[in-house]
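This report concerns only the one structure given below.
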Amino acid sequence: MVKKCKSDIKAKMVVAAILFVCLPCFIYGGKRNRQTPVKTILPPPALIQNTSVNVAPSLLPCKFLNIYDTVSITFIGDVMQHGKQLKDALIPGADPLQPQSYDYSYTFKYVEEHLKSADLAVANMEFPLGTPPYSGYPLFSAPESILWQAQKSGIDLFLLANNHLLDKGRRGFLNTIKCYEEAGAKYIGIYRNKNEEELLNPVFYNIKGIRIAVLNFSYGTNGFNIPEPCTMNMMDTLHIKECIARAKDKGADVIICTPHWGEEYMLGPSGRQKKIARMLKREGVGIIVGSHPHVPQSAEYSKEGILFYSLGNYISNQTTPDFTQLELMVTVKIARNWITDEVELLEPHIEYLWCFKKDEFAPHYTVVPIKDIIGKRDEMKNKYQYDRMERTYLEFIRQDRIRKLE
């Protein structure tokens with residue numbers, strides 16, 4: 002939902018005063034100063050050297066005045082912890098049962114600047130925490146040190162409604178909540194009981210006067226029953242509508258939904274994803290950013306709404322099928338006109354990332370913006386991995402899966 006309010010008499014008076022002050026800017030500034038809030042032109046996606054699409058518009062009616070407050074929200078995809086990642090993160094000689102024995106300093110090293118620059122950074126954490134012995138697929142269990150590093154690197158909100166949060170049963174479920182609470186980390190999607198869910202769901206932010214509500218749901222739990230009285234936000238239409246109603250009742254200007262959904266390794270959305278997306282839009286959700294397929298899927302956006310079906314893996318040990326190492330890091334900007342109090346969505350900024358295994362780019366598993374290494378094959382340690390990255394990235398661009406709607 003993008004909430005728009007009518008300006009009152011006072012606001013109109015302020016507008017008149019501003020126009021009086023700024024009129025010379027328009028008269029003498031020429032056409033270059035006659036800018037609209039959201040009109041932008043995207044560069045051709047096939048330009049290899051520019052793998053980020055920077056579409057943040059100028060919001061100044063004249064160069065002396067900015068009547069907009071802008072909030073940026075950055076989303077990354079599935080943070081996974083396979084067995085080889087755990088082995089790589091373990092400090093030599095350290096006790097594998099202790100969380101401090103794992104070093105995740107390279108996990109977010111090359112995107113940390115992007116995450117910290119956002120007003121809000123969001124990640125899907127696909128594993129329970131605090132339940133040793135730690136393990137990878139098929140039953141994930143990660144040390145809380147990966148959470149500590151994620152916080153240090155700038156991630157603010159952690160999505161926990163996914164199909165692996167019950168991999169360690171009731172104990173792992175409750176330990177996960179405890180780990181996030183002890184770290185002072187904000188999470189969404191799982192709760193100890195229904196009362197807690199009603200109190201904490203949705204998650205609300207008030208940033209620069211823009212009220213934002215975030216929802217998180219999962220399609221399932223890999224067949225594990227949710228132990229009572231614990232709850233997880235599931236893909237239940239009635240519950241989703243109830244949560245959206247809560248967001249509206251509390252005055253949300255923008256509602257964001259982060260569903261864990263879709264078919265693994267499919268580059269296009271399933272029929273069920275499309276159906277749920279239509280329902281979310283009808284109910285007033287303005288931004289939808291999905292997870293679970295482990296590959297980036299189609300996306301579409303307009304000034305009315307933004308939809309990314311899946312961002313793909315952020316970090317994992319997966320290399321097959323194709324596209325499991327390619328990810329979209331998406332930054333959405335929300336602008337509020339502080340005179341009229343209207344809120345609108347700006348076009349998203351898309352950063353393409355590539356996940357490297359140990360010693361392919363750095364000493365440990367890491368993720369790198371493609372724009373930082375494209376065209377630098379001769380400098381790459383692993384030429385095969387560079388060729389794979391370039392080929393996969395160009396194929397995804399060629400398929401033209403990210404579209405602006407008029």
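Per the working numbering, the sequence shown runs over residues 2 to 407. Using N, Cα and C, we set each Cβ at its ideal position, and we do this for glycine too.
Which first and last residues belong to the beta strand (DSSP E) in which residue i is found?
i	result
Ser73	69–80
Tyr353	350–357
Lys405	403–405
Ala122	121–126
Met330	327–338
Glu345	344–346
His261	255–261
Gly376	Element bounds for Gly376: n/a, residue is neither H nor E.
How long is the line joining the alpha carbons of residue i and residue j, rounded to whole angstroms?
i	j	result
Pro370	Met381	14 Å
Asn234	Thr259	11 Å
Gly170	Ile340	51 Å
Met280	Tyr69	30 Å
Ala300	Val204	24 Å
Cys356	Asp168	24 Å
Ile257	Gly291	11 Å
Leu200	Lys405	37 Å
Tyr302	Ile289	10 Å
Ile398	Leu116	24 Å
Gln82	Ser136	8 Å
Leu140	Glu127	11 Å
Lys282	Asn383	44 Å
Thr177	Asn163	13 Å
Ala253	Lys110	33 Å
Cys231	Gly190	11 Å
Ile375	His240	44 Å
Gln86	Pro133	15 Å
Leu312	Gly224	24 Å
Ser317	Glu352	18 Å
Ser271	Val80	22 Å
Thr222	Asn67	47 Å
Leu158	Ala151	10 Å
Gln386	Gln101	31 Å
Asp96	Gln274	43 Å
Lys377	Glu407	36 Å
Pro129	Lys249	31 Å
Leu43	Gln99	Note on Leu43: pLDDT 38, under 50, position unreliable in the model; no value is reported.
Ile211	Pro297	29 Å
Lys276	Gly78	22 Å
Glu243	Glu284	10 Å
The alpha helix (DSSP H) that contains residue i, what's its start and end?
i	result
Ile277	272–284
Asn176	170–183
His293	From DSSP, His293 is part of no alpha helix (DSSP H); its letter is neither H nor E.
Ser303	Careful: Ser303 lies outside any alpha helix (DSSP H), inside the beta strand (DSSP E) at 300–303.
Tyr394	384–399
Leu161	It is not in any alpha helix (DSSP H) - Leu161 carries neither H nor E in the DSSP assignment.
Residue i and residue j: beta carbons closer than 9 Å?
i	j	result
Thr71	Ala336	yes
Lys334	Glu348	yes
Leu166	Arg193	no
Tyr366	Lys372	no
Gly131	Gly84	no
Val286	Leu216	yes
Met390	Gln319	no
Ile213	Leu121	yes
Arg402	Leu308	no
Glu345	Val3	yes
Pro294	Glu265	yes
His350	Val331	yes
Tyr103	Leu91	yes
What do you get for residue i, buried or exposed, if any count of 16 or more other CB atoms within 10 angstroms of its CB means buried?
i	result
Ser118	exposed
Asn226	exposed
Thr409	Lying before the first or after the last residue shown, residue 409 is absent from the chain, which here runs from 2 to 407.
Thr321	exposed
Tyr394	buried
Gly306	buried
Asn125	buried
Ala278	buried
Glu114	exposed
Asn207	exposed
Asn196	exposed
Contained alpha helix (DSSP H) runs [length at least 4] in the region 188–247, N- to C-terminal order
Secondary structure remark: continuous alpha helix (DSSP H) runs of at least 4 residues inside the region 188–247, in chain order: 195–201.
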